[in-house]
Each structure stands twice: as C-alpha cells, then as structure tokens.
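Undergrad: There's a structure below that I have some questions on.
2 protein chains.
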Amino acid sequence: MRKSTDTLSRHWAMLQRIPAHPRWISTAELNQYLANEAYEIDIRSTQRDLNHLSTRFPLYCEKDGRVNHWQWAKGAHALEVPSMAPTAAFAFNLVEQYLRPLLPGSTLKLMQPYFVRASGVMKNTKFQGWRKNVRIINRGPHLQTPPINNKVRDVVYMALMERRKFEVGYTPRQKNKAVTYEVNPHGLVIKEGITYLVSTLWDYDDLKHLALHRMSKPKDLHEPAKIIKGFDLNTYIENQSSFAYPVSKGSLKLKVQFSNSAAFHLQESRLSEDQKLTPVGKDKTLLSATVPDSSEIRWWLLGFGDQVEVLGPKALRDEFAGIANNLKGFYL
Amino acid sequence: MRKSTDTLSRHWAMLQRIPAHPRWISTAELNQYLANEAYEIDIRSTQRDLNHLSTRFPLYCEKDGRVNHWQWAKGAHALEVPSMAPTAAFAFNLVEQYLRPLLPGSTLKLMQPYFVRASGVMKNTKFQGWRKNVRIINRGPHLQTPPINNKVRDVVYMALMERRKFEVGYTPRQKNKAVTYEVNPHGLVIKEGITYLVSTLWDYDDLKHLALHRMSKPKDLHEPAKIIKGFDLNTYIENQSSFAYPVSKGSLKLKVQFSNSAAFHLQESRLSEDQKLTPVGKDKTLLSATVPDSSEIRWWLLGFGDQVEVLGPKALRDEFAGIANNLKGFYL
DNA sequence: ACTAACGCGACATAATATGTCGCTGATACC
DNA sequence: GGTATCAGCGACATATTATGTCGCGTTAGT
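If you're matching them up, the sequences are chains X and E in order.
Position in the first sequence (from 1) plus 2 gives the number in this note's numbering.
Position in the second sequence (from 1) plus 2 gives the number in this note's numbering.
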C-alpha cells in the first residue's frame, strides 16, 4: 500500500511553502503545490504531515469553516541552515547599528528577524556588551526619520514589486485632511531618511512624489498599474533634477588645497581612482581628482569650512568665492 | 531492536549543527552533540543520516584520514524557513544598495548569501530591473573604501568576539615593510569607510588604532587577550577625542536662519524633538532646536554654505564668523 | 434539506529507521 | 615493523512508521 517516497525533502518543501503570518495556505493548496513539485501524495498524508510538523515547528493552524489555514506563527523566529556564522552575525550587528538612524524604522523592521538571529549568535560568544565596543562614526547629524505605517509600507512595496495599482489616503503637507489617490507606482527614492514613491495618479501622465509617511489607509487594488512607457528613474532624476541634487552629468577636475588634518583621511579612502595628494609647504596638502559634478561634492567640500580652499576648476572656485562673500556678509 | 525516535527533528538538529565551509564537524562530534540534545542514537545512524542528508542538501564530506569532516558545501546558498517575505527581500535590496559604497566590501560580503536570497525572491516578482527603479540619494561623495583581506576580517572579528589575541603583519602608512604585531583587540571603529581596531600590542597598555586594510597574514593565537580593565570605547572616543570628532558632551541651543529651499526637507525629518521652524520674511526660515554639541552638526551646517546663517549660540556664531572670515581671505 | 468538500480516526501493510555485528583500512603507539 | 585502536561502512533482523484507503462527522453553499 505504501509507495516509496522521500519524506524528508517533502517535509522540507512543505516548510518552505508555508508562508509567514499573516499570509497562509490551505491544506489542499499545499497538496497541489507538492504534486507540482513531484511529491504526488495523498492529501491525507499532507494533513498528517502538517499536524506532525506543527508539533516540532511553530506552525499555526486557523480553522476557517471546514478549511484549515496554515501559517508560521506570528513572530516565529526564522530557522535557517546552515546557521549564521559568528562573523556574519557580527556584520549584521554592525549594519543594524549603521542603518538605524538612516533608514525609516518600518523598512528596517522587515529585517528584524535577521538582526535578532544575529544577536542570538553573538550571545554565544564572549563579546558581551559588544555594542559598547563597536562604533560607527557618521558624518552629519542624525535626522529623525518620520514613521511610516507598516501596512502602508507593505502595500506600497508589494504594489511596486508586482506593478499593481493601489489606493491610498494622502495628507499633503500643511493640510489636515487626507485625500484619496489611485496610485501607479513607478519608482522609489530615499533621500535624507524620507521615502518617496514616484508615481502617477489615476490615468494622468505627470509624475508626483508621494512621501510614504504622509500615506494612510492603503488598499491594494489587485489591478496592473498604468506605467509610463520607457520610464527610467535615473534618467528622470538626472534630467529633470526632480530631487534637486545632481548638478550636471559632467565631471570636475578638482584641485583643492586642504589643511593636513583635513586631508589626513583621504590618504586612506580615496575620492577617485586618479586622486593625487601633494604636500604644499608645512601644513597644507593639494588634492587633485576627477569627480562627478554634483551637489554632493560641493556639500562635502563646504563641510570642511576654512580647512579647504578650492583652486580649480575656475567655475567652482568662483562659486565658492561667491559663497564666501555672502557668508562674510552674514557675520560682519 | 528499534527505539521510538523523532527522526525529523533530529535531522533538523543535525543540519543546524553542521557548520558552513570552511568550518566542519566530525561524525563523532556530531553524534556527541546529538546525545546532549536528547537524541541518543547509535553513531551508525548518525553516519547513515549524514549520507542520506547529503543526497538532499549541499553537504560536503572531506575525508581526513579515517575521520569524516562534514560541512555545508562552499557557496551553498542558505535555506531558511519560513522563506524570506517579498517585502523583506525588497528591504534587503534597498539596504544592499545603501551600504555598498559605505561599508568595506569584505564586511558586506558576509551578508552576501542574504542578498542573493533576496534577489532570488525578487526574481519571482514582476519588478524586473528593480535596481533601475530604486534610488537612495546620499549626502557626500562616495569615498572609495580600501579593500580588506577576507582572512584578516575573519580573524579580527573572531578575535574581537572571543576576546582572543592574534598575530598580524601591519604595514604602517608610508612604509613598505610589514612588521609583526601581537594584538589585543579592544574595540572596532568604522569612520568614513575605514575600519580601525582599537588595540594594545603585546603587554603594553597604550591603545593603538590599526586600520584593517593595512593588515596581512593574520594568525589567531587562541589565547585570551589582555584587555585593559574598565576599557570603554565610548568613553575612550569622547574623552581622548581619539578620533577627533565629537566636540563636547554638552548640547547646543541652536538658532539658525535657513533659506527656504534649504529648510524644506527639515519639515519632513526633524533635527530634534523640540525643533521649531518659523518663517522669517518671504524667503527665510528660522530653525531652533537643541542638538548634541558635535563636529557633525558643524559639518552639516557648513555644508549648506551661504544658505545658512548661524544666529546662536554666540560661541557657535563666533566660530562660523571666524570660518567665514578665513574663507573670504582665500578667495580675495 | 441536500450535496460536496474537508478534516480526521482507524486500519492494513509496505517501506524504512535503528541497533548490532563484523569487516576493512588508516592511524598511533610501542 | 608489529599491533592495538578507532572510524567508516555493508549486511541483517526487526521494531517503527509513513502511506493509501475507507468511512464518519461537520461545515458551506445552493
């Protein structure tokens, strides 16, 4: 009566196919899936397997009428093989520390199970209180990223990934009341901790930037989105300078004089492949490098204050001269 | 002859206990481990199980004399249950994009299996070429992080975690020849993409900063490290301003006048809990906020150039006045 | 109220997981 | 170089279990 089977790998396939809370799968669906995967087995066995597996794994079964809905229990920590190596766990912890102030909390929350696992692995080492002995030094202050609703995050990400429309309440800045939009997601931009969805609304063709933290009551419409043909996010950002960042597509042959203390770390990590550092006198260093012409580089150079003098190119020097002049005016 | 057993969970335990390449475990060790985990079983069964499992999972067995060494095959992509949710995969992809220019490649490589898995999940969505439709805009140019040897990374991380000594070749800046150090790792600092190990050497008590990309030929000494009693990395960084960053432990009651365009994004992500923005005239905004007194905040403010005028506190205004004066001098 | 579909207990039986034994070959110790 | 030791593994008997089948109770849909 019994066929030759491979119970172990079938069980494995089942565990993989069962989704995490709040998604679920019915016994019949799972049996069908297994049949497609070359595990043709009686549904009775699938039922038995599920009951058996649920005694060993945090599987949860919810009866919906006569149908059993199976899922991984809410908050069940994922199991993985091979388990996370200690060094990988360390990397996860570094990354967590690094990202916490920079990315919206709700995006990071999606990786929470991995961070938890990493902490678990670290607990078995002697490096207790490791957080106190690792530090990542960032430039710039930590802006407080506005919170994004988890449901908004899930619907938006899924809609973007599956190229579907969705409906959402949006509260424009300086207004109190949410209006309802039907959104066709085109691309995602994160800038200074704010997440924007580049989208069109209804059947219109003009692109809007919708901040995720201004969204509420999302509703997946399960309909294909209307995407502008040939849309390309990079082109969009650069050509239209929609996010007001890059200055031009060209590059700059930078010539800058640093104080030695400011130039110090450039000896370790370089600005460009062709970077050259030349000592000038006792306490100055001349930097020459070819870099993309962007507002980022201006920002970076300005941040050094009076530790940096821009020598060239001429246009950039003039820009900086203008800024210096204006600044001087402020503080007369 | 046969005892009642729980084959499934025993197999699971085995899979979890087998380490990833290049670590390994012998059959006897594994059997011993299982015995401790309440799976008391004949070693013959452990042998059979391993052979059986290796037909279904990428397990690799290396014979060392008469002993079998088992490990997950090199580059075997990890398996996890429940499998990564599509939204989590999306988050991983975002994070990967975010981190690539900011963290040393070898640290990121430790997370590679997870990024690979995430990409696999994304492949099942309609969001092909998603990389082109997601963009994270960073401030500051991308410095090129110098490469760290993988072996160095592994030995250093493990030594730090297990509080062990190690021996390493170190090539100080502007020297060609590596000298050999015996290192007691105390803490790790990442700054501008450079990874430093704060350490003492041999039996000395003075702390050195060793850059990981200057290390070579690491050798774990499998001996407990000699750690300075009461060492605390944060205290060390702040008190000794060893990494020349924070200015003081106090806070600043910042009063700053922004041009409206520069102040724009502060309406979305705030600098502090108590941040206040007040319009001044037609095209200026007054910001007041209490922030930690740090060089980061100076950097950040300077980056805005002539879009920002510091009004208070007086000491900070004076600092900025001095900088403006010097700058003006450069560009006369 | 009838029917179809699902879950599940029971049962027979084929398949397999387990302990045991003994052989082979590599290592280590004298 | 001889011998004791130990790991791996093939073979075998057998207890255990995984599987298909059947039938009953229950629920949803018509």
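C-beta atoms are modelled at their ideal positions from N, C-alpha and C, and glycine is treated no differently.
Determine the direct distance from the alpha carbon of E42/X to that of Q99/X, and round the result to whole angstroms.
TA: Start at 1 with the first residue of the first sequence, and residue 99/X comes out as number 97. Start at 1 with the first residue of the first sequence, and residue 42/X comes out as number 40. C-alpha separation (whole angstroms): 47 angstroms.
Undergrad: Taking the Cβ atom as the reference point for each residue, do C63/E and W72/E lie within a distance shorter than 9 angstroms?
TA: Your numbering for residue 63/E matches position 61 in the second sequence. Your numbering for residue 72/E matches position 70 in the second sequence. Contact flag set, yes.
Undergrad: With 7 angstroms as the C-beta to C-beta threshold (strictly closer), list the residues of the region 263 to 275 of chain E near chain X in chain order.
TA: From the region 263 to 275 of chain E, only H267, Q269, E270, S271, R272, L273 have a Cβ closer than 7 angstroms to chain X.
Undergrad: Determine, for Y352/X, whether the minimum Cβ-Cβ distance to residues of chain E falls below 9 angstroms.
TA: In the structure as shown, chain X starts at 3 and stops at 334, and residue 352/X therefore has no counterpart that could be examined.
Undergrad: What alpha helix (DSSP H) runs, 4 residues minimum, are completely inside the region 143 to 189 of chain X?
TA: Whole alpha helix (DSSP H) segments, 4+ residues: 152 to 164.
Undergrad: Taking the alpha helix (DSSP H) that F117/E falls in, what are its first and last residues?
TA: As a working note, residue 117/E is residue 115 in the second sequence. F117/E -> alpha helix (DSSP H) spans 114 to 125.
Undergrad: Indicate whether Q259/E and K286/E have their beta-carbon atoms separated by less than 9 angstroms.
TA: The sequence position of residue 259/E within the second sequence is 257, counting from 1. The sequence position of residue 286/E within the second sequence is 284, counting from 1. In contact: Q259/E and K286/E (Cβ atoms closer than 9 angstroms).
Undergrad: Consult DSSP for A22/E and reduce its assignment to one of helix, strand or coil.
TA: For the purposes of this step, residue 22/E is taken as the residue at position 20 of the second sequence. If DSSP states are grouped into helix, strand and coil, A22/E belongs with the strands.
Undergrad: Would you kindly check if the distance between the Cβ of P106/X and the Cβ of I150/X is under 9 angstroms?
TA: In the first sequence, residue 150/X corresponds to position 148, counting from 1. In the first sequence, residue 106/X corresponds to position 104, counting from 1. A contact, by the Cβ cut-off of 9 angstroms.
Undergrad: Just checking: is the beta-carbon of K255/E within a distance shorter than 9 angstroms of some beta-carbon in chain X?
TA: Taking the second sequence and counting its residues from 1, the one referred to as residue 255/E is at position 253. With 9 angstroms as the cut-off, K255/E does not count as an interface residue toward chain X.
Undergrad: Please list, in chain order, the residues of the region 173 to 203 of chain X that have any C-beta partner in chain E closer than 8 angstroms.
TA: So the close ones are R175, H188, G189, L190, V191, I192, K193, E194, G195, I196.
Undergrad: Considering only residues of the same chain and omitting the five flanking positions on each side of F306/X, which have a CB-CB separation below 6 angstroms?
TA: As a working mapping, residue 306/X is identified with position 304 in the first sequence. Within the same chain, F306/X has close Cβ partners A264.
Undergrad: Give the DSSP-derived three-state secondary structure of K128/X in the structure shown.
TA: Sequence index remark: in the first sequence, residue 128/X carries index 126 (1-based). Residue state, collapsed to three classes: coil.
Undergrad: Answer yes or no: do L318/E and L256/E have a C-beta to C-beta separation smaller than 9 angstroms?
TA: Taking the first residue of the second sequence as 1, we reach residue 318/E at position 316. Taking the first residue of the second sequence as 1, we reach residue 256/E at position 254. For L318/E and L256/E, yes; Cβs fall inside 9 angstroms.
Undergrad: Looking at the unbroken beta strand (DSSP E) that takes in F260/E, where does it start and where does it end?
TA: Residue mapping note: residue 260/E aligns to position 258 of the second sequence, counting from 1. 253 to 261 is the extent of the beta strand (DSSP E) around F260/E.
Undergrad: Using a C-beta cutoff of 9 angstroms, does V282/E count as contacting chain X?
TA: Position 280 of the second sequence, counted from the first residue, corresponds to residue 282/E. Not one chain X Cβ lies under 9 angstroms of V282/E.
Undergrad: Judging by CA-CA distance, which residue of R300/X, R12/X, V154/X is the nearest neighbour of E321/X?
TA: Here residue 321/X corresponds to residue number 319 of the first sequence, with the count starting at 1. Closest option to E321/X, Cα to Cα, is R300/X.
Undergrad: Quick check on the burial criterion: 16 or more other C-beta atoms within 10 angstroms. Buried or exposed for D205/X?
TA: Start at 1 with the first residue of the first sequence, and residue 205/X comes out as number 203. With fewer than 16 Cβ atoms within 10 Å of its Cβ, D205/X is classed as exposed.
Undergrad: Along the chain, where does the beta strand (DSSP E) containing S218/E start, and where does it finish?
TA: To locate residue 218/E, count along the second sequence from 1; it is residue 216. It spans 217 to 226 - the beta strand (DSSP E) in which S218/E sits, taken as one unbroken run.
Undergrad: Would you report the Cα separation of A227/E and Q130/X, rounded to the nearest angstrom?
TA: The count along the second sequence starts at 1 and reaches residue 227/E at position 225. The count along the first sequence starts at 1 and reaches residue 130/X at position 128. Cα to Cα, A227/E sits roughly 15 angstroms from Q130/X.
Undergrad: List the residues that DSSP assigns as beta-bridge partners of Q73/E.
TA: As a working note, residue 73/E is residue 71 in the second sequence. Y62/E.
Undergrad: What is the residue span of the beta strand (DSSP E) that K210/X lies within?
TA: In the first sequence, residue 210/X corresponds to position 208, counting from 1. Segment 210 to 213, the beta strand (DSSP E) holding K210/X.
Undergrad: Residues of chain X with CB under 8 angstroms from L304/E, in chain order?
TA: For this step, residue 304/E is matched to residue 302 along the second sequence. What L304/E touches in chain X: L304, G305, F306, G307.
Undergrad: With distances taken from CA atoms, which of E39/X, D66/X, N70/X is nearest Q49/X?
TA: For the purposes of this step, residue 49/X is taken as residue 47 along the first sequence, with counting starting at 1. Nearest option by C-alpha distance: N70/X.
Undergrad: Determine the extent of the beta strand (DSSP E) in which G314/X is found, giving its start and end residues.
TA: Stepping through the first sequence from its first residue, residue 314/X is reached at position 312. Start and end: 310 to 314.
Undergrad: Taking the straight line between their C-alpha atoms, what separation do you get for F94/X and S108/E?
TA: Along the first sequence, read from residue 1 onward, the residue named residue 94/X stands at position 92. Along the second sequence, read from residue 1 onward, the residue named residue 108/E stands at position 106. The alpha-carbon atoms of F94/X and S108/E are separated by roughly 13 angstroms.
Undergrad: What does DSSP give as the partner residues of R272/X in its beta bridges?
TA: Here residue 272/X refers to the residue found at position 270 when the first sequence is read from its first residue. For R272/X, which the question treats as bridged, DSSP gives the partners Q146/E.
Undergrad: For E311/E, count the other beta carbons within 10 Å of its own beta carbon; 16 or more makes it buried, fewer makes it exposed. Which is it?
TA: Against the second sequence, residue 311/E aligns to sequence position 309. Buried is the call here.
Undergrad: Leaving out five residues on either side along the sequence, give the residues of the same chain with a beta carbon under 8 angstroms from the beta carbon of I138/E.
TA: What you label residue 138/E is simply residue 136 of the second sequence in a count that begins at 1. Only L96, Q99, Y100 meet the Cβ criterion.
Undergrad: Against chain E, which members of the region 46 to 74 of chain X pass a CB distance test of less than 7 angstroms?
TA: Hits within the stretch, in order: R58, W74.
Undergrad: Going by the DSSP bridge assignment, what does S290/E pair with across the sheet?
TA: Locating residue 290/E in the second sequence gives position 288, where the first residue counts as 1. Looking at the DSSP assignment, S290/E forms a beta bridge with K257/E, K278/E.
Undergrad: Could you please give the first and the last residue of the uninterrupted alpha helix (DSSP H) stretch that includes T29/E?
TA: As a position in the second sequence, residue 29/E is number 27, starting the count at 1. Segment 29 to 38, the alpha helix (DSSP H) holding T29/E.
Undergrad: From what residue to what residue does the alpha helix (DSSP H) around S297/X run?
TA: Numbered from its first residue, the first sequence carries residue 297/X at position 295. Note, S297/X: alpha helix (DSSP H), 297 to 305.
Undergrad: In this structure, does DSSP put T237/X in helix, strand or coil?
TA: Indexing the first sequence from 1 puts residue 237/X at position 235. Three-state result, T237/X: helix.
Undergrad: Just to make sure I have the definition right: I need the residues of chain E whose C-beta is within less than 8 angstroms of the C-beta of R137/X. Which are they?
TA: Taking the first residue of the first sequence as position 1, residue 137/X is located at position 135. By Cβ distance, chain E contributes G189, L190, V191, I192, L235, N236, I239.
Undergrad: Would you mind stating whether F59/X and A78/X have Cβ atoms separated by less than 9 angstroms?
TA: In the first sequence, residue 59/X corresponds to position 57, counting from 1. In the first sequence, residue 78/X corresponds to position 76, counting from 1. Yes.
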